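See structure below.
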Amino acid sequence: MRRTVLTIVTLSFLLQATAQTSDAKMKAYVASLMSKMTLDEKIGQLNLVTPGSGVPTGSVVSRGVEDNIRKGRVGGLFGIFGPDKIRQAQTLAVKESRLHIPLIFGLDVIHGHKTIFPVPLGLSCSWDTTLIERTARIAAIEASADGLCWVYSPMVDIARDPRWGRIAEGSGEDPYLGSKIARAMVKGYQGTDLSKDNTVMACVKHFALYGAAEAGRDYNTTDMSRIRMYNEYLPPYKAAVDAGVGSVMSSFNEIDGIPATGNHWLLTELLRNKWGFKGFVVSDYTSVNEMIAHGMGDLSTVSALALKAGLDMDMVGEGFLTTLQNSLKAGKVTPKEINDACQRVLEAKYKLGLFDDPFRYINESRPDKEILTAQNRQAARETAARSMVLLKNERQTLPLKKSGTIALIGPLADNHAEMLGTWAVSGDKTKSVSIQEGFKNVAGSVQMLFAKGSNITDDTAFAKRISPFGKPTEIDPRTPEVMIQEAVDAAGKADVVVAVVGEAAEMSGESSSRTSLDLPGSQRRLIEALVKTGKPLVVVLMNGRPLTIPWLDEQAPAIVEAWFAGTEAGNAIADVLFGSYNPSGKLTTSFPRNVGQIPIYYNHKNTGRPYEGGNPKFKSDYLDVDNSPLYPFGYGLSYTTFTYDTIQLSQNTIRPGQPITATVLVKNTGNMAGEETVQLYIRDLVGSVTRPVKELKGFQKIKLNAGEMKKVEFTISENDLRFYNSELKYVSEPGEFKLFIGTNSRDVKEAGFRLEK
Ligand code: BGC
Numbered sequence: 001m002r003r004t005v006l007t008i009v010t011l012s013f014l015l016q017a018t019a020q021t022s023d024a025k026m027k028a029y030v031a032s033l034m035s036k037m038t039l040d041e042k043i044g045q046l047n048l049v050t051p052g053s054g055v056p057t058g059s060v061v062s063r064g065v066e067d068n069i070r071k072g073r074v075g076g077l078f079g080i081f082g083p084d085k086i087r088q089a090q091t092l093a094v095k096e097s098r099l100h101i102p103l104i105f106g107l108d109v110i111h112g113h114k115t116i117f118p119v120p121l122g123l124s125c126s127w128d129t130t131l132i133e134r135t136a137r138i139a140a141i142e143a144s145a146d147g148l149c150w151v152y153s154p155m156v157d158i159a160r161d162p163r164w165g166r167i168a169e170g171s172g173e174d175p176y177l178g179s180k181i182a183r184a185m186v187k188g189y190q191g192t193d194l195s196k197d198n199t200v201m202a203c204v205k206h207f208a209l210y211g212a213a214e215a216g217r218d219y220n221t222t223d224m225s226r227i228r229m230y231n232e233y234l235p236p237y238k239a240a241v242d243a244g245v246g247s248v249m250s251s252f253n254e255i256d257g258i259p260a261t262g263n264h265w266l267l268t269e270l271l272r273n274k275w276g277f278k279g280f281v282v283s284d285y286t287s288v289n290e291m292i293a294h295g296m297g298d299l300s301t302v303s304a305l306a307l308k309a310g311l312d313m314d315m316v317g318e319g320f321l322t323t324l325q326n327s328l329k330a331g332k333v334t335p336k337e338i339n340d341a342c343q344r345v346l347e348a349k350y351k352l353g354l355f356d357d358p359f360r361y362i363n364e365s366r367p368d369k370e371i372l373t374a375q376n377r378q379a380a381r382e383t384a385a386r387s388m389v390l391l392k393n394e395r396q397t398l399p400l401k402k403s404g405t406i407a408l409i410g411p412l413a414d415n416h417a418e419m420l421g422t423w424a425v426s427g428d429k430t431k432s433v434s435i436q437e438g439f440k441n442v443a444g445s446v447q448m449l450f451a452k453g454s455n456i457t458d459d460t461a462f463a464k465r466i467s468p469f470g471k472p473t474e475i476d477p478r479t480p481e482v483m484i485q486e487a488v489d490a491a492g493k494a495d496v497v498v499a500v501v502g503e504a505a506e507m508s509g510e511s512s513s514r515t516s517l518d519l520p521g522s523q524r525r526l527i528e529a530l531v532k533t534g535k536p537l538v539v540v541l542m543n544g545r546p547l548t549i550p551w552l553d554e555q556a557p558a559i560v561e562a563w564f565a566g567t568e569a570g571n572a573i574a575d576v577l578f579g580s581y582n583p584s585g586k587l588t589t590s591f592p593r594n595v596g597q598i599p600i601y602y603n604h605k606n607t608g609r610p611y612e613g614g615n616p617k618f619k620s621d622y623l624d625v626d627n628s629p630l631y632p633f634g635y636g637l638s639y640t641t642f643t644y645d646t647i648q649l650s651q652n653t654i655r656p657g658q659p660i661t662a663t664v665l666v667k668n669t670g671n672m673a674g675e676e677t678v679q680l681y682i683r684d685l686v687g688s689v690t691r692p693v694k695e696l697k698g699f700q701k702i703k704l705n706a707g708e709m710k711k712v713e714f715t716i717s718e719n720d721l722r723f724y725n726s727e728l729k730y731v732s733e734p735g736e737f738k739l740f741i742g743t744n745s746r747d748v749k750e751a752g753f754r755l756e757k
């Protein structure tokens, strides 16, 4: 035993020593290189440009890229992929620039590169960090096979406002789950060795609080207390930093009145000094320049502000490139500030192994062998099925039988493009499987009727707005009445109706905020007409955010939230609907009953006049709608049913170093095998500051055969009870706690314990 401990100690000492030596080697290499660099070349390393073949999200794309590369005035390139293009650019840098410094190549690989996985909000509903890590691993392999070494993911912004379209890009409303997913994704992208040719550097974004934009309007002001930041919004970014993420992207919004990109407290005091982040920080797309509109000064002032705040790389705006020399002369920035930023960018290139071999990620034989392989597609199919959430299933409408006649209806039922979702920059719609195709693949023997039933939107101007990157979302010229009638006729001839409705891909995502979360266009009328036919109806939703669908919940017997499920969406939806996969997804964001309830989230605080008890008049509630969401956080059904026995605690008291265990028996009471995510929540009943009514502190995904019972055990220690107090100290406070275990954040069993110190 002693020997093992000694061996472990020696080993970890050796590992540390090796890390220190390689760190020292890197520092020496970079210092020696920097001693040869001119000021112009150093500033050049801070310049990130896009030649414009990707998705330009700001109003400009870079010009004169080739010439600037030759002159050593570019540190990195994004928005291009493919070994050919990347080889060309890298050759320019290493053959024609004076110091032959390689470029770093980035891209928005957000939920897969070419094999597209479900949008991150969907992915998070799998509550399966191993699965999520695998998606990031596959994305890293595909991206690196396409010449890339840097990806702008994970996006870990906590979002509690579904009006904000970018809720689709993150993991929902919970900091605990969000942190686990952040860690898994960083691990998946970066692996254990960043210099391998199939790992890529991750970039956690958008630092910070971007998900809290006022009124859910993109890029809008955020304003929150430090205590809320620390407890509720910052944990996932910190988890990514703790997992060793190589880079961080600053966000567009302001924090305490200073835009994140120029916020010294955020980028230096918190990120580097407190959290010990060692990588580099890149701005968001022209977010340095955008500080002018924020009212922080002219280009030279905001560029200096950003550098001094701790920003290292300027995305697209070229504020650093065009103003830092003069700012240095004018004493507005120091040589050290420029050197520090340059050093951090060069260190990233060193860690990626680009100084050893600038062409490490460029191998023309890789794309064919490693991209969109059958294996990757299979992983996408499995992942998509596991991300879907069964919202309702009355009278066992699902799973469908593989016989009889099915009317497949809806604007998204035979579409290849929308299912890829937002930020599928390199996704190829010609490779995606539509639902109609999926049905044929999975249930070929079924007789199928098809009707479009409605457009996603009937408004041509709106269709253009939601198609910024290509052909406008298609509008069938027939009137809604004609299309609905066609669908009703098809339904009349079928045994069961499956209607696939929702949003167009770009109705969620960046700059896609909405004030109404209804089904757009005539889709609601379509569904209501189908309900009236009296045929069994399954509604499949394809969307990137919660929609307000209480009417649908009342009317449709079965609803599946499929999200934008990616390349294999059609197959995966068919797998779920026909029961080849028994759905197990659980929501990671609350579904509001109406937009007026927003923001709505499970881990809220209590008020002094809570809903329960007291004078019925003076309550914290609404006159016109219940306080509760339509579907709570953690909610999701299965084709089977699970029961939870009472919670057994090993002891009633936790002390530092003496955790307790909470055990619950979970039984599959249906007649089909299924997976259940058992969720553990706590509530700190009395605190020096108010505490949320529930906080997720653990979860386990288990598989149970029909009739099978399993004991699920959670360990809860003093550490799990910590939070940031009013002095921003991470503490636990003695006293009474409640503990809940259940199938979602609403339906739980309850027990109680004490913390003593
Ligand atoms: C987005 C980022 C993205 C960047 C580069 C910005 O508009 O906010 O998430 O990584 O563009 O494409």
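Count the sequence shown with UniProt numbering and you get residues 1 to 757, in order. Beta carbons are placed, not taken as given, at the ideal position from N, Cα and C, and that holds for glycine. These numbers come from a predicted model, not from an experiment.
query                                                                                                                    : result
Any 3 or more C-beta pairs closer than 8 Å across the segment 308–318 and the segment 282–289                            : yes
Three-state secondary structure (DSSP) of residue 389                                                                    : strand
Entirely enclosed alpha helix (DSSP H) segments - the segment 106–156, minimum 4 residues                                : 120–124 and 129–145
Alpha helix (DSSP H) segment containing residue 177, residue limits                                                      : 175–190
Same chain only: Cβ atoms within 7 Å of residue 90, ignoring 5 sequence neighbours per side                              : 102, 103, 358, 359 and 362
Start and end residues, alpha helix (DSSP H) containing residue 245                                                      : First-last for residue 245: undefined, no H or E at that position.
Touching by the beta-carbon criterion (3+ pairs, under 8 Å), the segment 428–436 and the segment 596–616                 : no
Distance between residue 417 and residue 635 (C-alpha atoms, nearest Å)                                                  : 29 Å
Inside the segment 248–320 only - beta strand (DSSP E) runs reaching at least 3 residues                                 : 280–282
Outcome for residue 331 when other beta-carbon atoms lying within 10 angstroms are tallied against a minimum of 16       : exposed
Burial state of residue 691, where buried means 16 or more other Cβ atoms lie within 10 Å                                : buried
Own chain residues within Cβ distance below 6 Å of residue 756, not counting five before or after                        : 653, 655 and 734
Cβ pair count under 8 Å reaching 3, the segment 532–543 against the segment 440–460                                      : no
Any non-hydrogen atom of the ligand BGC within 6 Å of residue 581 CB                                                     : no
Closer than 6 Å: residue 285 CB and nearest the ligand BGC heavy atom                                                    : yes
Same chain, Cβ closer than 8 Å to residue 287, neighbours up to 5 away in sequence not counted                           : 250, 251, 252, 259, 260, 261, 315 and 317
In DSSP terms, what residue 502 is bridged to                                                                            : 542
Inter-residue spacing [alpha-carbon to alpha-carbon] between residue 1 and residue 243                                   : For residue 1, the pLDDT reaches just 46, beneath the cut-off of 50, and the residue's location in the model is therefore unreliable, although a value from the coordinates is still provided. Approximately 30 Å between the Cα atoms of the pair.
Boundaries (first-last residue) of the beta strand (DSSP E) holding residue 491                                          : Residue 491 -> not in any beta strand (DSSP E); alpha helix (DSSP H) instead, spanning 480–492.
Nonlocal neighbours in the same chain, by C-beta distance under 6 Å from residue 708, ignoring five residues either side : 668
Pair within 7 Å by beta-carbon distance, residue 168 and residue 422                                                     : yes
Residues near residue 173 in its chain [Cβ-Cβ closer than 8 Å; skip 5 each side]                                         : 158, 159, 160, 588, 589, 590, 601, 602, 603 and 633
Distance cut-off 6 Å: residue 152 Cβ against heavy atoms of the ligand BGC                                               : yes
Distance between residue 470 and residue 679 (C-alpha atoms, nearest Å)                                                  : 42 Å
Ordered list of alpha helix (DSSP H) runs contained in the segment 507–571, each at least 4 residues                     : 523–532 and 550–555
Selected residue, minimal CA-CA separation from residue 466, among 484, 583 and 513                                      : 513
Through-space distance from residue 498 to residue 544, alpha-carbon basis                                               : 20 Å
Contact under 7 Å by Cβ, residue 455 with residue 502                                                                    : no
Residue 715 vs residue 661 beta-carbon contact at 7 Å                                                                    : yes
Limits of the beta strand (DSSP E) - the one that residue 644 falls within                                               : 642–644
Three-way DSSP call (helix, strand, coil) for residue 210 in this model                                                  : helix
With 16 other Cβ atoms within 10 Å as the buried cut-off, status of residue 837                                          : Outside the displayed span of the chain (1 to 757) sits residue 837, for which this structure offers no information.
Distance between residue 639 and residue 770 (C-alpha atoms, nearest Å)                                                  : Past the boundaries of the shown model lies residue 770; the chain is included only from 1 to 757, so the question cannot be answered.
Cβ-Cβ separation, residue 130 to residue 117 (assumed contact under 8 Å), whole Å                                        : Between residue 130 and residue 117 the Cβ distance is about 14 Å, and since that is not below 8 Å, they are no contact.
As assigned by DSSP and simplified to three states, the class of residue 363                                             : coil
For residue 76, three-class secondary structure by DSSP                                                                  : strand
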